[in-house]
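Following: one structure in structure tokens, then a few remarks.
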Amino acid sequence: MPLRSTARTSLVDLVIEQMESLIAGGEWPVGTKIPAEPVLVEQLDVGRNTVREAVRALVHTGMLEPRQGDGTYVRASSGFGAAVQRRLRRAGDLETFEVRASLERDAARYAALRRTDEDLAALRAALAERDRAWRGGDLPAFIDADLDFHRTIAAAAHNSVLADLYDHLSDALRATLQSVVGAPVPDSVRNQYDGHAAIVDAIEARDATAAERAALAHLGEGMAALRDGAGEGPDRTEEDPR
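Taken in order, the sequence shown gives residues 1146 to 1387; the numbers are from my numbering.
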């Protein structure tokens, strides 16, 4: 991984740029440990101090997270994502779910208008994987599959900003989904297979209005579960999370 030469930027900036590219490109996925310092020094062909400064800078932005005695892990796929995560850590589950509702409603609508045959096949596969995880009783895998399903809808909307925003919300969305799955509600509300299948059917039919309504319906159930779990009153409309 040799560095590109340039007279306009420092070695530290170049190393930061390359690390950011590795993270954004998925070679260093969120949640994984980056190579140890000696390995980075060898791969980047720079000094130890340069690597340390670059890592320190990315820790400061929130993209990397040092763990005592374990190494350094990828925390966010971009500086913007790290900023979003910092803000969401100060928010409650219901607030985060309301933001999720806005994004998923629009993602479903645009996906119905813009999806390709490949997008539809990916959605069907993601829905099937979500169902397999639920039937297998593997709740962590179910949560992962649910998030992947909704990321697939966001990708089918063919709006890169919307897809990026949804992806950056993933960690906070995982917490809210865990709250819904763990709520004392019927399995039909915890799983919501029919609601998710209705979204895919509407996207397949290219019916933007039906896709939006299906998204709002299933999100309304989840939001109601969160409100009930938080002991909030019924003064807010459950059917429309907008």
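Ideal Cβ placement from N, Cα and C applies to all residues, glycine included. Quantities reported herein were computed from a predicted structural model and do not represent experimental measurements.
Is the separation between the beta-carbon of residue i and that of residue j shorter than 8 Å?
i	j	result
F1294	H1341	yes
K1178	G1237	no
L1314	R1245	yes
L1233	T1241	yes
L1265	I1168	no
A1301	A1343	no
E1357	R1250	yes
G1207	R1231	yes
G1176	V1204	no
Y1338	A1252	no
Excluding the five sequence neighbours on either side, which residues of its own chain have a C-beta within less than 6 Å of the C-beta of residue i, listed in chain order?
i	result
I1161	A1199, A1202
V1186	R1193, V1196
L1303	Position check: residue 1303 holds His in this sequence, whereas Leu was assumed. The residues are R1259.
So, with DSSP's three-state summary, where would you put residue i?
i	result
L1209	strand
D1158	helix
L1163	Residue 1163 is actually Gln in this sequence, not Leu. If DSSP states are grouped into helix, strand and coil, Q1163 belongs with the helices.
E1172	coil
D1190	coil
R1280	helix
Within the continuous beta strand (DSSP E) that includes residue i, where are the two ends?
i	result
G1216	1216–1219
Tell me the rounded alpha-carbon separation between residue i and residue j.
i	j	result
A1273	G1367	20 Å
A1369	L1361	12 Å
I1288	V1306	23 Å
R1280	R1254	29 Å
V1157	M1164	11 Å
D1190	F1225	28 Å
A1228	R1351	35 Å
T1151	S1166	Summary for T1151: the model assigns pLDDT 43, below 50, so the residue's position carries little reliability; its value from the coordinates is reported in the next sentence. So the alpha carbons of these two residues sit roughly 17 Å apart.
A1359	L1268	15 Å
L1258	G1282	34 Å
E1172	S1222	11 Å
P1211	P1174	15 Å
If you drop the 5 nearest sequence neighbours on each side, which residues of the same chain put their C-beta closer than 7 Å to that of residue i?
i	result
P1386	Below a pLDDT of 50, predicted positions are generally treated as unreliable, and P1386, at 40, falls in that range; no measurement from the model is reported.
D1291	R1275, L1322
T1297	A1267, L1268, A1271
A1353	R1254, A1257, L1258
Please list the terminal residues of the continuous alpha helix (DSSP H) segment that includes residue i.
i	result
T1241	1238–1259
I1179	Note, I1179: premise wrong, no alpha helix (DSSP H); not H, not E.
G1340	1338–1349
H1395	Residue coverage of the chain in this structure runs from 1146 to 1387, which leaves residue 1395 outside it and unanswerable.
Sorted by chain position, which residues of the same chain lie with C-beta nearer than 8 Å to residue i's C-beta, five sequence neighbours on each side aside?
i	result
V1326	L1284, F1287, I1288, R1335
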